[in-house]
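>
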Amino acid sequence: MIAWCLKALLSHWWRNPVQLFAYLAGLALATALWSGVQAINSEARASYDAAAKTLGEGQYDLLIPKQGSRIPQDIYVLLRKSGWLVSPVIEARINDVRLLGIDVVTSATGLPNLASGQSAITYDTLFANEETALKVSMLANVTVDKSIAPGIAIGDIGLVQRILKRDDLTRLILLPNQPIKQLSLGMVAPNLRIQSAHAVANVTELTGSFHLNLTAFGLLSFVVGLFIVNSTIGLAFEQRRGMIRTVRSLGVPMRTLIALITFEMMTLAVIGAGLGIILGYFIAAFLLPDVAATLRGLYGAQISGTLELRASWWVSGMVLALIGTAVALSSRIWQIVQMPLLASAKPRAWVVATASRFRLQLIIAITLLFSTVPLAMTLEGLLAGFILLGCLLIGAALALPPLLGGLLTLVQKYTVAPVWEWFWADTRQQLSGLSLALIALLLAVSANIGVSTMVSSFRQTFIAFLDQRLAPELFVEVDTADQSAALEMFLMNRQIEVLPLLTTQVVIADLPVDLYGIRVGQTYRNNWIFLDNTLNAWDVIERGKAVVVNEQFARRADLWVGSLVQVSRDLILPIAGVVGDYGNPKGQIIIIERIFKDLYPNLYASNFGVRTKDAAQLRSQIVNTIGIKNNAIINQVGIKALSLEVFERTFVVTSALNVLTLGVAGFAILMSLLTLADLRVPQLAPVWALGLTRRRLAWLELLRAVLLAGIVFVCAIPMGLALAWILLTIINVEAFGWQLPMYLFPLKYLELGGYALIAAFLAAMWPAVRLMRTPPSTLLRVFASER
Amino acid sequence: MVLRLEGVKKSFRNNEELVPVLQGVSFELEASDTLALRGESGSGKSTLLHIAGALEAADAGRVWVSGKELTQLNDGQRAQLRRTDIALIFQQFNLIPSLTVAANIAFQSALSGTPDLVHIKHIASALGLEEQMQKYPEALSGGQQQRVAIARAIAAKPKLLLADEPTGNLDEITAQSVLDQMLKLVAQTGTALMIVTHSTNIAARMNRQLQLRNGLLE
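Taken in order, these protein sequences are the chains called A and B. Throughout the first sequence, residue numbering follows the numbering used here, covering 188 to 974 in sequence. Throughout the second sequence, residue numbering follows the numbering used here, covering 9 to 226 in sequence.
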């Protein structure tokens with residue numbers, strides 16, 4: 188019995204391959220984007236974990252120089268002799284690889300091989316994973332160790348010092364369990380300071396929001412994919428109502444039938460999700476280089492460029508797909524259980540919109556949409572932002588079919604021509620069957636409008652920001668106080684505007700902050716744009732009566748213009764201006780040079796912005812006269828180009844996911860139309876018999892698809908703009924710590940609208956051509972079957 | 009006794025109103041017996057057929073099929089009875105559209121065990137379906153589909169065959185031919201047959217006739 192019953196159930200797919208394809212493809216697409224994104228996230232997390240394990244970052248307090256980036260080796264010896272348990276580290280970047288030298292004996296982290304192996308070869312060997320090993324193989328012998336984080340090569344400190352031709356250190360790790368008695372740090376090494384482990388920004392935290400954004404996109408695509416699955420399952424069940432009635436009346440018990448249907452659908456779901464996981468792997472592999480570039484550019488986080496098949500992401504994709512299928516399936520199974528054995532086998536409910544369901548949908552939609560206003564005003568945090576997004580998207584999705592229904596009823600009411608009256612009525616009748624695909628399109632187009640508004644607003648703001656921050660033509664870095672003084676003297680003697688930059692890291696308002704000392708001049712006054720400021724802000728700052736802070740600090744410390752900042756124990760100044768500081772995860776406070784020098788008399792300006800009309804000539808003069816190395820002078824035009832490149836790559840991933848989501852929505856329309864095509868024949872046959880040609884009917888089908896897509900696009904504009912507003916003013920602030928102004932890009936939206944119409948047209952073309960080629964005998968069969 | 013009904017009552021709810029359809033129907037059917045059930049539209053003929061076929065439950069009264077009382081059986085047991093002892097021929101054929109004619113004919117007998125392929129071939133031949141065996145139902149005419157439904161019912165070798173207007177879709181000549189074949193096959197297997205029909209001609213070919221009026225047998 189079971190074999191024959193299964194044969195009957197599966198024969199449905201055999202006879203309806205398009206439906207089978209829609210089911211498998213819907214599941215595959217849903218799972219693909221979700222698992223692709225999860226694959227990227229899991230690869231990144233594994234890289235962060237490996238880095239934390241290798242470097243011990245965030246685990247131990249560090250000793251770092253107050254000025255510059257180097258510690259003389261004598262200081263290390265002195266500290267050890269004075270009872271300080273410290274372990275030396277040297278670090279530099281070569282060939283895009285973070286090269287780390289550690290002391291095997293004293294290090295609390297590092298390589299087990301180095302610590303326990305003790306072989307002579309170990310001390311002459313760098314350790315790196317396979318990918319990184321290739322980049323440093325010319326420097327020394329490299330032992331491949333898969334456990335080393337990507338982008339990091341690690342070796343004995345002596346070896347790394349030889350490679351770097353240096354005899355100093357970068358930092359000292361403060362080992363746990365320091366002796367109770369030891370000389371104070373100020374006495375032994377007055378130029379060093381302790382950096383708390385907590386003050387180091389944790390890369391997992393920093394990148395968390397980025398991964399959350401990716402996950403949100405993956406989830407959106409997953410939901411759109413599940414719409415296809417739900418719609419296909421619904422259609423398959425409606426079309427099999429007759430079969431279900433027959434097999435039950437022929438003696439198949441309900442319980443057996445339900446078990447077999449569940450087995451059938453879940454087996455197919457496993458196949459679909461499996462295909463999706465394979466597809467997801469390729470999507471992740473395709474996107475990973477851009478994600479890696481983004482994470483490196485934005486956060487300095489290194490992630491592996493090669494993808495591993497980790498159980499965490501493919502199992503989550505499979506489980507989610509099966510849960511999604513089970514949810515869609517359960518409502519249909521419930522319908523079968525409730526269905527009287529002799530219920531009509533006509534496929535009725537699927538294409539006939541029920542007014543009561545639309546009413547309920549509209550009530551839920553209005554409740555959700557109205558709840559967004561108080562939510563936006565009261566909720567805080569990233570999760571709250573996503574809840575708000577969820578309410579908006581689900582509310583709009585639920586509202587779409589009843590709104591379209593109402594609109595079509597209204598149009599029909601004012602239509603006189605009979606063909607068009609039929610057309611509007613028929614379109615309204617199709618809504619129930621097409622609604623999931625139209626909702627998918629609405630979500631995809633809204634997401635596209637929202638995200639492209641955000642990206643384009645970000646781009647516009649970011650370019651203006653680069654012009655502001657990179658106004659000086661040259662940026663010079665000096666190594667010593669002597670060089671600093673000589674450079675300043677040299678430039679001032681030539682009447683060249685120089686912008687010295689003093690910097691140190693401090694903790695203010697319990698937050699790790701970069702404190703800057705600047706010389707206020709025309710460049711600042713002309714180029715810097717405040718997000719908010721007091722009257723004559725630069726004048727007040729120049730007099731040393733106020734500070735400028737970046738937005739990240741202002742938001743994290745919950746301070747704004749007019750608030751007081753405790754710069755040091757004895758100095759409290761008000762905030763005169765808040766500046767946008769895009770792409771920087773850290774807080775900044777800017778004071779004038781004079782106050783900075785009063786606070787930190789031992790520190791000198793290690794960086795200078797220089798205004799010049801002839802950058803190349805001045806550069807060579809500085810190199811030749813002061814002796815500053817050529818690579819310590821940066822042409823800011825190049826930096827600007829590099830920053831823009833990082834920016835563009837940052838959003839390549841988002842754009843790719845956008846396009847994929849729109850593609851999935853187009854596919855959803857195609858599948859809905861194809862699966863509806865068989866049900867359409869009995870609806871179209873009478874109209875054909877009354878005199879409308881198949882060609883005209885096909886054109887009307889095309890027109891209907893384009894028209895519905897057009898209405899969906901119009902609905903998607905306010906939705907997309909609301910989405911952009913939430914992304915820019917809530918999600919972005921929570922995720923990155925800065926707010927962006929929102930600009931509108933009507934031409935871009937029109938372009939998107941064009942794509943949506945083209946997608947709908949292309950999706951409707953195949954079913955329309957099929958209709959055009961339907962032989963009259965097929966249409967006549969409709970009447971032949973009537974009793 | 010293959011079928012026995014005793015005081016069967018059935019009502020349907022139409023909005024708030026309870027409409028009685030069967031008001032105490034009793035009769036019996038022996039093996040090889042053939043019975044025509046007649047009555048006006050809406051007189052409850054199909055409902056009576058469905059109750060006898062263990063598809064629907066009576067509100068009151070008792071029904072025995074092959075000696076088993078239906079009210080004592082659960083869903084699974086009733087389904088088993090339908091597989092092994094009862095076969096139905098529906099007004100709308102109720103073929104499985106995604107299975108071939110051959111698979112449709114074999115389906116019910118396959119549900120209760122291994123189908124008798126020789127018997128199936130014989131039935132298909134008798135009903136003139138040999139040429140159609142690999143086709144799908146949608147490619148057949150209404151009359152051919154009806155013959156497939158009859159073949160499926162008889163191929164299951166039921167003790168009780170219940171047919172609801174089995175020739176309603178056929179022209180008179182084809183209807184007579186199909187009925188001839190059906191009666192012949194039923195006679196060969198000793199099956200009890202109950203047919204619901206409007207046709208006096210078909211009713212005349214049965215051993216017995218019952219008229220259903222206002223929910224009661226006349």
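Don't be surprised by glycine CBs; every beta carbon is placed ideally from N, CA and C. Please read these numbers as outputs of a predicted model, since none were measured by experiment.
Of the residues L507(A), V642(A), M564(A), which one's Cα is nearest the Cα of L831(A)?
When each option's Cα is compared against that of L831(A), the closest is V642(A).
> Name the one or two DSSP bridge partners that N822(A) has.
DSSP, once it has assigned bridges, lists L661(A) as partnering N822(A).
> Span of the beta strand (DSSP E) holding F20(B)?
It spans 11–22 - the beta strand (DSSP E) in which F20(B) sits, taken as one unbroken run.
> Can you name, in chain order, every residue of its own chain whose Cβ lies under 7 angstroms from the Cβ of A955(A), other than the five neighbours on each side?
Cβ within range, chain order: A885, E888, L889.
> Would you mind working out which of N215(B), I210(B), H206(B), M214(B) sits nearest R221(B), comparing C-alpha positions?
Comparing Cα positions, the closest option is H206(B).
> Indicate whether at least one CB of chain A lies closer than 8 angstroms to the CB of A60(B).
With 8 angstroms as the cut-off, A60(B) does not count as an interface residue toward chain A.
> From the DSSP output, in three-state form, read off N203(A) for me.
If DSSP states are grouped into helix, strand and coil, N203(A) belongs with coil.
> Just to make sure I have the definition right: I need the residues of chain A whose C-beta is within less than 9 angstroms of the C-beta of L170(B). Which are they?
Under the 9 angstroms cutoff, chain A gives no residues; its nearest Cβ is about 11 angstroms from L170(B).
> Using only alpha-carbon positions, find the residue among T721(A), Y310(A), D785(A), N282(A) that is nearest to G288(A).
Answer by Cα proximity: Y310(A).
> Whose Cβ in chain A lies nearer than 9 angstroms to the Cβ of L119(B)?
Here the neighbours are M188, W191, C192, V434, L437, G438, V439.
> At a cut-off of 7 angstroms, is V901(A) close to the ligand FAD when judged by its beta-carbon and the heavy atoms of the ligand?
Within the structure as shown, the ligand FAD is missing, as the structure has no ligands at all.
> Expressed to the nearest angstrom, what Euclidean distance is found between the alpha-carbon atoms of D283(A) and F473(A)?
Using only the alpha carbons, I get a separation of about 21 angstroms.
> CB D355(A) to CB P259(A), shorter than 8 angstroms?
Yes. Within cutoff.
> Show which residues of chain B have a CB atom less than 8 angstroms away from the CB atom of M430(A).
Going along chain B in sequence order, the residues near M430(A) (Cβ under 8 angstroms) are I104, P105, S106.
> Measure from the alpha carbon of D67(B) to the alpha carbon of each residue in L169(B), H58(B), G75(B), then state which is nearest.
When only C-alpha atoms are compared, the closest one is H58(B).
> For the segment 86–100 of chain B against the segment 151–163 of chain B, do three or more pairs of beta-carbon atoms, one drawn from each stretch, fall closer than 8 angstroms, so that the two count as touching?
Yes: at least three Cβ pairs fall under 8 angstroms.
> For a contact defined as C-beta to C-beta under 7 angstroms, what are the partners of A87(B) on chain A?
Under the 7 angstroms cutoff, chain A gives G438, V439, P440.
> Cutting at 8 angstroms between CB atoms, please list the residues of its own chain near E48(B), excluding the five before and the five after it.
Closer than 8 angstroms at the Cβ level, and outside the excluded window around E48(B), lie R221.
> Rounded to whole angstroms, what is the Cα-Cα separation between I553(A) and S229(A)?
Between I553(A) and S229(A), the C-alpha separation is close to 38 angstroms.
> Using the beta-carbon count (16 or more within 10 Å), is K18(B) buried or exposed?
Buried: at least 16 other Cβ atoms inside 10 Å.
> Just the chain B side, please: which residues come within less than 9 angstroms of W201(A) by C-beta, in chain order?
Neighbours of W201(A) on chain B, chain order: S106.
> Counting Cβ pairs closer than 8 angstroms, one from the segment 616–634 of chain A and one from the segment 582–590 of chain A, do we hit at least three?
Yes, the segment 616–634 of chain A is in contact with the segment 582–590 of chain A.
> Comparing C-alpha positions only, which one of L466(A), V868(A), T312(A), I520(A) sits nearest to A423(A)?
Ranking the options by Cα distance to A423(A), first place goes to I520(A).
> Extract the residue ranges of the alpha helix (DSSP H) inside the segment 92–143 of chain B, only unbroken runs of 4 or more that lie entirely within it.
Whole alpha helix (DSSP H) segments, 4+ residues: 109–119, 125–134.
> From the DSSP output, read off the bridge partner residues of I277(A).
Partner(s): G288(A).
> If you draw a straight line from the alpha carbon of L949(A) to that of A634(A), how long is it in whole angstroms?
Approximately 21 angstroms, taken between the alpha carbons.
> Count Cβ pairs between the segment 713–733 of chain A and the segment 774–786 of chain A that sit closer than 8 angstroms; are there 3 or more?
Yes: at least three Cβ pairs fall under 8 angstroms.
> My output table needs one value for Y703(A): the three-state DSSP class, helix, strand or coil.
DSSP places Y703(A) in strand when its eight states are reduced to three.
> What number of angstroms, rounded off, separates the C-alpha of L516(A) from the C-alpha of T449(A)?
C-alpha separation (whole angstroms): 8 angstroms.
> If you drop the 5 nearest sequence neighbours on each side, which residues of the same chain put their C-beta closer than 6 angstroms to that of L861(A)?
Correct list, in chain order: V205, P954.
> Distance cutoff 8 angstroms, beta carbons only. Does Q116(B) sit that close to anything in chain A?
It does; some Cβ of chain A falls within 8 angstroms.
> Can you check whether the CB of V748(A) is closer than 8 angstroms to the CB of V734(A)?
No. Outside cutoff.
> In this structure, how does DSSP classify K194(A) when only helix, strand and coil are distinguished?
Three-state DSSP puts K194(A) in a helix.
> For a contact meaning CB atoms closer than 9 angstroms, what does G84(B) contact in chain A?
Those are P440, M441, R442, T443, listed as they occur along chain A.
> Quick check: the segment 458–466 of chain A against the segment 208–228 of chain A, are at least 3 beta-carbon pairs closer than 8 angstroms?
Result yes; three or more Cβ-Cβ pairs closer than 8 angstroms.
> Since A911(A) contacts M929(A) with CB under 8 angstroms, what's their CB separation in whole angstroms?
Right, the Cβ-Cβ distance comes to about 6 angstroms (below 8 angstroms), so this counts as a contact.
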